[in-house]
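Contents: one structure, followed by commentary.
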Amino acid sequence: MISKDEILHVAELANLKLKNDEVDNFVSQLGKIVDMESNLASVNTDGVEPTYNMGDTSTTFREDKGIRTQTREQMFENVPESEDNLIKVPTIVDKEDDE
Amino acid sequence: MNYLNETIDSLHKKLADKEITSKELTDQTLNDMKAKEKDISAFITVNDDAVKDAEKVDQAGIKGPLSGIPIAIKDNIVSNGIKTTAASKILYNFMPVYSATVLEKLEAAGAINIGKTNMDEFAMGSSTETSFFGDTHNPWDFDKVPGGSSGGSAAAVASGEVVAALGTDTGGSIRQPAAFNGIFGIKPTYGRVSRWGVIAFASSLDQVGVMSKRVEDSATVLSTISGHDEHDSTSSEKEVPDYRANLNKDMTGVRIAVPKEFWHEGTNPEIIKQVNVAIDKYKEMGATVDEVSLPALKHAVEVYYVLASSEASSNLQRYDGVRYGFRAKDVKNIKDLFVNSRSEGFGDEIKRRIMLGTFALSAGAYDAYFKKAAQVRTLFIEEMGKVLEDHDLIMGPSTTTTAFKIGDKIDDPLAMYMNDILTIPANLAGLPAASVPAGLADGMPVGLQIIAKPFNEQAIFNAAYALQEENKFYEQIPTALKGED
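Chains A and B supply the protein sequences, listed in that same order. Note that the UniProt record's numbering gives residue 11 to position 11 of the first sequence, counting from 1, and the numbers run on in steps of one. Note that the UniProt record's numbering gives residue 442 to position 442 of the second sequence, counting from 1, and the numbers run on in steps of one.
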């Protein structure tokens, strides 16, 4: 089970805005998924190390020298809005107090 | 060019003997694609410069086995100057300024990137139905899904639009669609292939692999794309074998384990029948078969969806409408820009996974879900490792059902997640695994799954090749395509 308040809190953490019907949907769907996930509690994992990463964990080294990657122009090719070689975004500090 | 009866070898011979140029081959490929795409819709973007790329290969001269041959690339593998969307609205206009290492390696070998294939959005799904760009259709039955997430790559190969395609596999996204389309598909060992330039879903599980009708063609392509890459520190420095040259179908003395849990009660009995026939063939060929048990398997889906979704929720934080991709309009401030771009740009399944992952990582849930799942993953790795101490291969069905109808499961996320139960184990343990055609159940293809020890892809290729040479499944033409001609 997962409550409506929990769904709204998680959406806030995830930078997602849910419409009302989406919230109800998530309460039911995510509730079922979280219930399934709760079966994990039945596994005895006392003293078991968690596995967070995979692969040959030995670190590989490369020579410490500069390599050319993308240019500034290339990196700007996908920027939706820019001005004077800077990425343009809306107001960062909210002006609501002044209004 | 219709590739249904072609192999990389047969194409290479025509190119090397100058019976055909790469330009002509590429032209014919594009023409054949045009005709078939009306029914299949395997591609999101066709490479408009493919013919020019082929001309360059012709000028330089046909060299290695892939030289001059068109290959399809899943659309979560970035391609310099060719739109790459991961089938998401949030990347609908994304134009990469570099190519993934796997693509650079293919192009260095002279292969032609013919286009970018459809997939589930950000590779999250098992049916290609979560794509922002519409459904792909199974060439065995146009009303059915091609599986997913590499559904476009699988359908492009099975319909003969291309001889081979790259896919990615995080929880079964190569093997399940390979099984659904009656083709071979291999996910190599975690670390065998560079992930540089592959749009991240779950970084401890993602791996690039190959799909083709013939086992030997995937062997050629996998050798080409494997190896260490200084851009991906998880890519292994182990030497890359020539899988194609080392192919050996002798199964004498090969020790096969069949986990009884893979004979899942919910699996279609017709699938079980076909898989048992295949396993009996291995016995006839001289292999030994033992039943084993993997008790942690019943928690595989639970472990996978917590870990994969948690990693995804972190990986997908980068999509915020600032530097690339979809940007929401009419926003007041930067927070609105982030939130609205994400909320309008991501599809339902992506939001569901981000929500689940964010929940599993949040204060109060972390220990019970994320850490717990990571611990059960360790148990899982130990169990599989133990079985592989005394066995060369683990075998079982690739899927519990054959391809299902488009629309049948899309509204039931849990039923969709259960599709992955048999393919998830290899990802959780980082093991190489493949699906090879075993036969038909109710007219739809069935896949046999083969899992091997880390970095022993050769054992998989050998076993798959042995079965292929027995059942010659590649001779079968997908049912829905027959109606076309």
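Ideal Cβ positions, reconstructed from N, Cα and C, are used throughout, including at glycine. Note that the coordinates shown come from a computational prediction; the quantities given were computed from them, not determined experimentally.
P295/B sits away from E389/B, with the two beta carbons spaced by 9 Å or more. For T26/B, the enclosing alpha helix (DSSP H) stretches over residues 22-40.
Non-local beta-carbon contacts of V292/B in its own chain, meaning distances under 6 Å to residues more than five positions away in sequence, involve A257, P259, V387 in chain order. Chain B has no Cβ within less than 9 Å of the Cβ of M1/A. In the three-state reduction of the DSSP assignment, P425/B falls in the helix class.
A Cβ of chain A is located within less than 9 Å of the beta carbon of P413/B. Rounded to whole angstroms, the gap between the alpha carbons of A429/B and P177/B is 21 Å. The beta-carbon of K453/B is placed no less than 9 Å from the nearest beta-carbon of chain A. In summary, S82/A is exposed, with fewer than 16 beta-carbon neighbours lying within 10 Å of its beta-carbon over all protein chains present. Listed in chain order, the non-local C-beta contacts of K14/B below 6 Å within the same chain comprise I20, local neighbours out to five positions each way being set aside. Going by beta carbons, F461/B and S173/B fall outside the 9 Å limit. For R255/B, the secondary structure class from DSSP, reduced to helix, strand or coil, is strand.
One Cα belongs to S398/B, the other to G253/B, and the distance between them is close to 24 Å. Secondary structure of M355/B (DSSP, three-state): helix. Close partners of R62/A in chain B (Cβ separation under 9 Å): E230. CA-CA distance, F346/B to A50/B, rounds to 30 Å. At a cut-off of 9 Å between beta carbons, L86/A makes no contact with chain B. Taking a contact as a CB-CB distance under 8 Å, the pair I183/B and A158/B counts as one, their CB atoms being some 5 Å apart. Under the three-pair Cβ rule at 8 Å, the region 401-409 of chain B does not count as touching the region 318-326 of chain B. From the beta-carbon of E49/A, the residues of chain B found nearer than 9 Å are A374, Q375, T378. Inter-segment contact for the region 60-71 of chain B and the region 36-44 of chain B is absent: fewer than three beta-carbon pairs are separated by less than 8 Å. Nearest CB-CB separation between N20/A and chain B: not below the 9 Å threshold. The C-beta separation of M355/B from V10/A comes to about 6 Å, placing the pair in contact by the 8 Å criterion. Residue-level contact by beta carbon fails for K4/A and chain B, as no gap is shorter than 9 Å.
By the Cβ neighbour-count rule, G407/B is exposed, with fewer than 16 other Cβ atoms within 10 Å of its own. When the alpha-carbon of Y190/B is set against those of S233/B, E161/B, V162/B, A165/B, the nearest one is in S233/B. Less than 9 Å separates the beta-carbon of G171/B from that of A308/B.
G197/B and I77/B do touch by the CB rule: their CB atoms are close to 7 Å apart, below 8 Å.
Rounded to whole angstroms, F180/B and D24/A show a C-alpha spacing of 34 Å. Looking at the backbone, the Cα of Y366/B and that of K4/A are separated by about 19 Å. Taking CB atoms only, E237/B has a neighbour in chain A less than 9 Å away.
In the structure shown, A108/B adopts helical secondary structure according to DSSP, grouped into three states. Taking the Cα of D9/B as reference, the smallest distance to any Cα among A72/B, K213/B, K238/B is reached at K213/B. According to the DSSP assignment, L8/A belongs to the alpha helix (DSSP H) that extends over 4-13. Residues of the same chain with a CB within less than 7 Å of the CB of N47/B, apart from the 5 flanking positions on each side, are I82, N113, I114, G115 in chain order. Residues of the region 74-98 of chain B with a C-beta atom less than 7 Å from some C-beta of chain A are F94, M95, V97, Y98, listed in chain order.
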